[in-house]
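Participant: Chains as they are written, first to last, in the UniProt record's numbering: chain A, 1 to 462; chain B, 1 to 462.
Ideal placement from N, C-alpha and C gives every residue a C-beta, glycine not left out.
This structure is a prediction, so every number in the text was calculated from the model and none was measured.
Got a structure here, written out as structure tokens. Questions coming.
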């Protein structure tokens, strides 16, 4: 072990024992009455676990125990009552795909060492572009390590499109660039501005309406103001499913403005990210409607990796399209899970989730103590307050001040109880509220009934 | 399926069938006489595979067939005769860790949803800093998606250290920054300069000596020249194990120069990346000897993720230390594999690989037709030419010109034969040569004997 040529039986026995532990975890996660989390404070948990790297090797039996212990204290993100993140639920096909990926253990930079996976990535990116409606000859993309870096790489590509010399010369002598995103967009857009040397202050935050959608008139005003200050607007991020509210920025109006001012339009895509094929962390893609631009922007032509005299068509060596060298294979799980669902299955899945979101919204609206943050959710995010009885008749100002503390207290009780998990956050002048996201295919109406009752129960216990 | 509450038996049966396929692949990969690759040209391979996403769901039996077909045409990177990349070999413990990771399917941004994995990452980063010799209070780091982005994030941190206002204001009004790296360093350092808006031209390439090590005097000259041109030097990358030759830049002399000119010293770390615990793609870390700087540089304080009023110590929410939001869990496989090896096992592993590198170097030196590129390899990279008989007595100029074409031709034959795989590249005035990297723990002296004979056999057949 590992992989000594004589010890195959031992290796096989160990791996099968690991699988038994994993299967048990999946089965347990699938039981709605099991705990979502066995919560301990960090120092407590550290004292319960043996995380130390010993001088001598640990025997296989201990490694199996390590696996069990790890899963025992880990949050069950596939549990039908886990609603804490956008990425909830465990697609077992996708998971099996990731098992294969780990076993194939290859890198995505060249066709030479990833022939099948490179072809799959090409196929899927082409399909995604086709779904979006981009014609042949205008389809390109690359899988990226998470949405935040996808966004950063997209900003980089847009900058390269307008200022190709920036790659060589840097931004020092360039005009001040300005980029635009809605007040409700994901923080990674501002993060991209920081990373790329554009500066967070030059990432202009455009106000949203009361449904969380970017106001197109405000975008145009911001663009004009920015130009008057001597900046060069170049990039607009339109959100399709905002992080907190699941709101969709009005894409057509924003596209018109981008066309009018000659700006790059980027769309943070949310739709596929809640679909089953995209569920296992991580899986993100950066799609670009200019073939060749990813290569031009990112290629460094390392001659120890991307030699041009290889015995095959080196346009399949896609690694030079990205900033990464070593790149985790995220394509196989996506491809396999998408095969399992089929194109229609994916539509049906989102429809079912939309139905569940409507179901729980109706239930929340008719349950005493609950208040919706946005009256009508647009997508799968259902944001609400639970107002405990003792707060319900307070004056507005005191009520708001005390409500701010309710969600964190309920969350604390919830984690102790381990019965469910959901995230909370404040937003502008709105005190802390819960954000329930329906994206777990294992969730049923019974789980949502339980959830609504449980929040009320916990809310009255604080 | 997936995870319907009634269908557990079917789910379990499917997952176990997947595991049988994976176990067969591992076993086959482990047989030195099996093919490393069944090579097809891209269009041929595309015609052999059914990569299409159908409208209707594919049955489970078809998905199992998909898994088998994928592995059939995939390169066996764990094969004892696969030497094509730095990351060769399959550590089955690490692989099992990755299986668990896929099953736990969580994100690394908060303690809330990754309690065990966040503690593990803290433990391992602390241990790594300790091994390097950094005192307590000067240890920080975060796992990153691959070495290229680790390098980019390190440059970003260094820039933030000297110019914290760049995060807000961008680089437009900043002085022109200059960074330095050896001519033999990995292309990602220049990639970082491009991504961050510093510019590739401001990433100064410092000459190396005939062993591939950065020349300290040349570094100092380059720093002085850069200052005279009005640039502000801020960052030096010292390579510990260069990509092609495995050379180590003279760290102490470079550190003295960095201290003299007040520059940030970054070390691209290679040592751990060939050690067994780091084998499964991807696994990289960015370590920083300034506690708090990663947070300051990268945090965006999204209040929907990194709320400060959570029911636990939020310093454990390490996600705001990185540019990523969704972040693949790379820590568990590393932790588990390192536990399996122990601290001493890891030392022993590298020693054994060094022994194999010395063995094959000696064999190459005494085998007719072979020529070493560097007479004495410093680490695990063994670079050589094979000169076919018909070229051996040519004049130098013609010999060099024809030698340039030999390695690609041998490589083509090799991929057709599927008996072994190794990378080649040119370097400056040196024509194409092979780069054999000994980092696969499954490799034995017999495999290396085979390799040397096989290259000679293929070399005479072209």
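1. Could you give the DSSP three-state label for residue 275 of chain B: helix, strand or coil?
2. At which residues does the alpha helix (DSSP H) containing residue 220 of chain A begin and terminate?
3. Buried or exposed: which applies to residue 176 of chain A, given that a residue is buried once 16 or more other Cβ atoms fall within 10 Å of its Cβ?
4. From residue 418 of chain B to residue 144 of chain A, what distance separates their C-alpha atoms?
5. Check each candidate in B/256, B/399 and B/420 and name the one with the smallest Cα separation from residue 369 of chain B.
6. Secondary structure at residue 13 of chain B, three-state DSSP: helix, strand or coil?
7. For residue 268 of chain B, does the three-state DSSP call read helix, strand or coil?
8. Where does residue 396 of chain A fall in DSSP's three states?
9. Measure the Cβ-Cβ separation of residue 105 of chain A and residue 421 of chain B and say whether it is below 8 Å.
10. For residue 98 of chain B, which residues in chain A fall below 7 Å Cβ to Cβ?
11. Residue 136 of chain B to residue 123 of chain B, Cα distance in whole Å?
12. Rounded to whole angstroms, what is the Cα-Cα separation between residue 22 of chain B and residue 72 of chain B?
13. Is any heavy atom in the ligand HEM found nearer than 7 Å to the beta carbon of residue 288 of chain B?
14. Among A/445, A/435, A/357 and A/204, whose alpha-carbon lies nearest the alpha-carbon of residue 384 of chain A?
15. In whole angstroms, what is the alpha-carbon distance linking residue 203 of chain B and residue 433 of chain A?
16. What in chain B is Cβ-close to residue 174 of chain A, meaning under 9 Å?
17. On the DSSP bridge list, what partners appear for residue 385 of chain A?
18. Using 8 Å as the threshold, is the C-beta distance between residue 448 of chain B and residue 389 of chain B below it?
19. What are the residues that DSSP puts in a beta bridge with residue 295 of chain A?
20. Of all Cβ atoms in chain A, is any one closer than 8 Å to the Cβ of residue 179 of chain B?
21. On the three-state DSSP scale, how would you describe residue 464 of chain B?
22. Taking C-beta to C-beta, are residue 201 of chain B and residue 169 of chain A nearer than 8 Å?
23. Just by C-beta distance, which residues in the segment 130-153 of chain B are closer than 7 Å to chain A?
24. Between residue 37 of chain B and residue 253 of chain A, what straight-line distance do the alpha-carbon atoms span, to the nearest angstrom?
25. Identify every run of the alpha helix (DSSP H) within the segment 168-219 of chain B, keeping only runs that are complete inside it and at least 4 residues long; order them along the chain.
26. With a Cβ-Cβ cutoff of 8 Å, do residue 285 of chain A and residue 70 of chain B count as a contact?
27. Measure the alpha-carbon distance for residue 371 of chain A versus residue 407 of chain A and round it to whole angstroms.
28. Can a CB atom of chain A be found closer than 8 Å to the CB of residue 93 of chain B?
29. Using a Cβ-Cβ cutoff of less than 8 Å, which residues in the same chain neighbour residue 166 of chain A once the five nearest sequence positions on both sides are dropped?
30. Classify residue 463 of chain B as helix, strand or coil using the three-state DSSP reduction.
31. What does the alpha-carbon distance come out to for the pair residue 322 of chain A and residue 216 of chain B?
32. Below 8 Å CB to CB, which residues in the same chain sit around residue 377 of chain A once its five sequence neighbours on both sides are set aside?
33. Beta-carbon separation of residue 405 of chain A and residue 458 of chain A under 8 Å?
34. In the DSSP assignment, find the beta strand (DSSP E) that holds residue 424 of chain A and state where it starts and stops.
35. I'd like to confirm the pairing. Which residues does DSSP put opposite residue 430 of chain B in its beta bridges?
36. Give the secondary structure of residue 117 of chain A by DSSP, where H, G and I count as helix, E and B as strand, and everything else as coil.
Facilitator: Put simply:
1. The count along the second chain starts at 1 and reaches residue 275 of chain B at position 275. Summary for residue 275 of chain B: the model assigns pLDDT 41, below 50, so the residue's position carries little reliability, and this model does not support an answer.
2. In the first chain, residue 220 of chain A corresponds to position 220, counting from 1. From DSSP, the alpha helix (DSSP H) with residue 220 of chain A extends over 216-228.
3. Locating residue 176 of chain A in the first chain gives position 176, where the first residue counts as 1. Answer is buried; the Cβ neighbour count reaches 16.
4. Locating residue 418 of chain B in the second chain gives position 418, counting from the first residue. Locating residue 144 of chain A in the first chain gives position 144, counting from the first residue. Answer to the nearest angstrom: the Cα atoms are 30 Å apart.
5. As a working note, residue 369 of chain B is residue 369 in the second chain. Here the closest residue by C-alpha is B/399.
6. The residue given as residue 13 of chain B occupies position 13 in the second chain. Residue state, collapsed to three classes: helix.
7. On the second chain, residue 268 of chain B is found 268 positions in, with the first residue counted as 1. Reduced to three states, the DSSP call for residue 268 of chain B is strand.
8. The count along the first chain starts at 1 and reaches residue 396 of chain A at position 396. Helix, per DSSP.
9. Taking the first residue of the first chain as 1, we reach residue 105 of chain A at position 105. Taking the first residue of the second chain as 1, we reach residue 421 of chain B at position 421. Not a contact, by the Cβ cut-off of 8 Å.
10. The residue labelled residue 98 of chain B in the question sits at position 98 within the second chain. What residue 98 of chain B touches in chain A: 102.
11. Here residue 136 of chain B refers to the residue found at position 136 of the second chain. Here residue 123 of chain B refers to the residue found at position 123 of the second chain. Cα to Cα, the separation comes out at about 13 Å.
12. Sequence index remark: in the second chain, residue 22 of chain B carries index 22 (1-based). Sequence index remark: in the second chain, residue 72 of chain B carries index 72 (1-based). Distance between the alpha carbons of residue 22 of chain B and residue 72 of chain B is about 11 Å.
13. In the structure shown, the ligand HEM is absent, as is every other ligand, since no ligand is present at all.
14. Residue 384 of chain A sits at position 384 when you count from the first residue of the first chain. The shortest C-alpha separation from residue 384 of chain A is found at A/435.
15. In the second chain, the residue the question calls residue 203 of chain B occupies position 203. In the first chain, the residue the question calls residue 433 of chain A occupies position 433. Cα to Cα, residue 203 of chain B sits roughly 47 Å from residue 433 of chain A.
16. Sequence index remark: in the first chain, residue 174 of chain A carries index 174 (1-based). Simply 171, 172 and 197.
17. As a first step, residue 385 of chain A is located in the first chain; it is residue number 385 there, counting from the start. DSSP output for residue 385 of chain A lists A/371 as bridge partner(s).
18. Locating residue 448 of chain B in the second chain gives position 448, counting from the first residue. Locating residue 389 of chain B in the second chain gives position 389, counting from the first residue. Cβ atoms of residue 448 of chain B and residue 389 of chain B: not closer than 8 Å.
19. What you label residue 295 of chain A is simply residue 295 of the first chain in a count that begins at 1. Note: residue 295 of chain A sits in no beta bridge, so no partner.
20. As a working note, residue 179 of chain B is residue 179 in the second chain. Answer no: the Cβ-Cβ gap between residue 179 of chain B and chain A never drops below 8 Å.
21. In the structure as shown, chain B begins at 1 and stops at 462. Residue 464 of chain B is therefore absent and cannot be evaluated.
22. Mapped onto the second chain, residue 201 of chain B falls at position 201. Mapped onto the first chain, residue 169 of chain A falls at position 169. Their beta carbons are under 8 Å apart, which means residue 201 of chain B touches residue 169 of chain A by this criterion.
23. 145, 146, 147, 148, 149 and 152
24. One-based indexing of the second chain puts residue 37 of chain B at position 37. One-based indexing of the first chain puts residue 253 of chain A at position 253. Distance between the alpha carbons of residue 37 of chain B and residue 253 of chain A: 51 Å.
25. 188-195
26. Along the first chain, one-based indexing puts residue 285 of chain A at 285. Along the second chain, one-based indexing puts residue 70 of chain B at 70. Going by C-beta atoms, residue 285 of chain A is not nearer than 8 Å to residue 70 of chain B.
27. Working through the first chain from its first residue, we reach residue 371 of chain A at position 371. Working through the first chain from its first residue, we reach residue 407 of chain A at position 407. Their Cα atoms are separated by approximately 13 Å.
28. Along the second chain, read from residue 1 onward, the residue named residue 93 of chain B stands at position 93. Yes, contact with chain A.
29. Within the first chain, the letter at position 166 stands for residue 166 of chain A. These residues qualify, in order along the chain: 159, 160 and 174.
30. The structure shown has nothing for residue 463 of chain B, since chain B only spans 1 to 462.
31. On the first chain, residue 322 of chain A is found 322 positions in, with the first residue counted as 1. On the second chain, residue 216 of chain B is found 216 positions in, with the first residue counted as 1. Looking at the two C-alpha atoms, the distance is approximately 31 Å.
32. On the first chain, residue 377 of chain A is found 377 positions in, with the first residue counted as 1. Result list for residue 377 of chain A: 245, 246, 357, 361 and 383, in chain order.
33. One-based indexing of the first chain puts residue 405 of chain A at position 405. One-based indexing of the first chain puts residue 458 of chain A at position 458. The answer is no: Cβ separation not under 8 Å.
34. In the first chain, residue 424 of chain A corresponds to position 424, counting from 1. Note, residue 424 of chain A: beta strand (DSSP E), 421-427.
35. Working through the second chain from its first residue, we reach residue 430 of chain B at position 430. B/427, per the DSSP bridge assignment.
36. Within the first chain, numbered from 1, the residue matching residue 117 of chain A stands at position 117. Here residue 117 of chain A sits in helix by DSSP.
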